[in-house]
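Q: Position in the sequence shown counted from 1, then plus 10, gives you this note's numbering. Using N, Cα and C, we set each Cβ at its ideal position, and we do this for glycine too.
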Amino acid sequence: MSERSSGPGGGRQIPVVVLAGFLGSGKTTLLNHLLHRSGGSRIGAVVNDFGAVEIDAMAVAGALGDSTVSLGNGCLCCAVDASELDEYLERLARPSAGIDVIVIEASGLAEPQELVRMVLASELPNIVYGGLVEVVDAAEFDETRAAHPGIDRHLALADLVVVNKTDRVDDPEPVLKTVGDLVDRAAVVPATHGRVDPEFLFDCRPGEERVGQLSFDDLHRDGEEHEAHPHLHAGYDTLSFVSERPLDPRRLIAFLDSRPAGLYRIKGYVDFGPYDVRNRYAVHAVGRFLRFYPEPWPAGAGRETQLVLIGTGLDTVALRAGLEGCVSDGAPHTDDEAGMWGVLRYVQEAEDPAA
Numbered sequence: 011m012s013e014r015s016s017g018p019g020g021g022r023q024i025p026v027v028v029l030a031g032f033l034g035s036g037k038t039t040l041l042n043h044l045l046h047r048s049g050g051s052r053i054g055a056v057v058n059d060f061g062a063v064e065i066d067a068m069a070v071a072g073a074l075g076d077s078t079v080s081l082g083n084g085c086l087c088c089a090v091d092a093s094e095l096d097e098y099l100e101r102l103a104r105p106s107a108g109i110d111v112i113v114i115e116a117s118g119l120a121e122p123q124e125l126v127r128m129v130l131a132s133e134l135p136n137i138v139y140g141g142l143v144e145v146v147d148a149a150e151f152d153e154t155r156a157a158h159p160g161i162d163r164h165l166a167l168a169d170l171v172v173v174n175k176t177d178r179v180d181d182p183e184p185v186l187k188t189v190g191d192l193v194d195r196a197a198v199v200p201a202t203h204g205r206v207d208p209e210f211l212f213d214c215r216p217g218e219e220r221v222g223q224l225s226f227d228d229l230h231r232d233g234e235e236h237e238a239h240p241h242l243h244a245g246y247d248t249l250s251f252v253s254e255r256p257l258d259p260r261r262l263i264a265f266l267d268s269r270p271a272g273l274y275r276i277k278g279y280v281d282f283g284p285y286d287v288r289n290r291y292a293v294h295a296v297g298r299f300l301r302f303y304p305e306p307w308p309a310g311a312g313r314e315t316q317l318v319l320i321g322t323g324l325d326t327v328a329l330r331a332g333l334e335g336c337v338s339d340g341a342p343h344t345d346d347e348a349g350m351w352g353v354l355r356y357v358q359e360a361e362d363p364a365a
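#1: Between L119, R101 and R155, which lies nearest to P135 when the distance is taken from Cα to Cα?
#2: So, helix, strand or coil for I263, using DSSP?
#3: Express the C-alpha separation of L41 and V56 in angstroms, rounding to a whole number.
#4: Indicate the three-state DSSP secondary structure (helix, strand or coil) for D247 in the structure shown.
#5: Restricting to Cα atoms, I'd like to know which of G312, R298, V318 and E305 is closest to D194.
#6: Using C-beta distances below 6 angstroms, list every residue in its chain close to R52, excluding the 5 sequence neighbours before and after it, in chain order.
#7: Let's see if you can read the secondary structure: which residues bound the alpha helix (DSSP H) around T39?
#8: With DSSP as the reference, identify every bridge partner of L257, one or two as the case may be.
#9: Using CA coordinates, which residue listed in L324, D181, S48 and P208 is at the minimum distance from L273?
#10: Whole angstroms are fine: how far does the CA of L44 sit from the CA of D147?
#11: When the distance is taken between beta carbons, is L167 closer than 8 angstroms to Q123?
#12: Can we say the segment 118-133 touches the segment 272-292, given the rule of at least three CB pairs closer than 8 angstroms?
#13: Who are the near neighbours of C336 in its chain, counting only those whose CB is closer than 7 angstroms to its CB and skipping five residues on each side?
#14: Quick one, which of G312, R205 and D169 has its alpha-carbon nearest R269's?
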């Protein structure tokens, strides 16, 4: 979700991304890349690093520069045991820290589903789960998988898989195909040196004020930075959808429940028209995770649906047709009390934040 997203109580929510992968896959390299190319966003990094010497934590901390935020006895990059996670999330999510996204780098020996479970079970109202990103070493994948078959389970849980170090293999396609067969609707992105566009994981803070909340001009901007790393955008597709007519909630839920493999993120605002005339619904989907957040329409705002879809190998023509099929036919449904039930299943109640 963007840095302007709001949660059940109307406050700003911060996405929490779990970054996992076996030892040596390139997690720290990827995180350092995100820190250097954050587009002005402030990243809170929590390193779940086990061992006597916190090498990963020191490596990440060395890259923070102006993004360092004091936590009393250290920077925002904190090597912690998983049991301390909620405490550090609370510290990083406080408004005074100015953090836009939190990345938890799991130990190479950690069970990522436990960290995901802890994020989902957090009682902090101003954070939202931002997805499980699994990093794979293309050059060592077959050997690592043979020695540690649990990796198959981790891939099945992932929302995004980064197949790293593709420059170290003659042909990365066999690894990409195997990974694609193991994932459950996750997007699979090839990379070298951990170079994944940060916009794939979170919305970079704009250098100047944007017109509109869902502008993705930064993805296609010209300039030296873009030309220096033109490959970053090649791994995924984006689709923007706008409708001045309300969407039918039943049709939209059917569309979301059947979203295709590779569709990693969905974000934006939905107008359900007569089903809820007071609120628009912020939607946040990452992988299989889905949440709606009702919020009052801003004064003077035009009432329309604005959605952005991001993924790999997307049939954008079919996706657009599917979304157009969600547009209401204009028939009155104000007496249809069950119409919103599907949507409300994905509304996070303020009094039950672990739901």
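A: Walking through what the data contain:
#1: Among L119, R101 and R155, the Cα nearest to that of P135 belongs to R101.
#2: It is helical.
#3: Using only the alpha carbons, I get a separation of about 11 angstroms.
#4: D247 carries a strand assignment under DSSP once its states are collapsed to helix, strand and coil.
#5: By alpha-carbon distance to D194, the top candidate from G312, R298, V318 and E305 is R298.
#6: S77, G108, I109 and D110, listed in sequence order.
#7: Residues K37 to H46.
#8: Beta-bridge pairing links L257 to V337.
#9: Ranked by how close their Cα comes to the Cα of L273, the residues L324, D181, S48 and P208 have L324 in first place.
#10: Between the C-alpha atoms of D147 and L44 there is a straight-line separation of about 18 angstroms.
#11: Q123 places its beta carbon less than 8 angstroms from that of L167.
#12: No, the segment 118-133 is not in contact with the segment 272-292.
#13: Counting only Cβ-Cβ distances below 7 angstroms, and skipping sequence neighbours, we find L257, D258, R261, L262 and F265.
#14: Closest by alpha carbon: D169.
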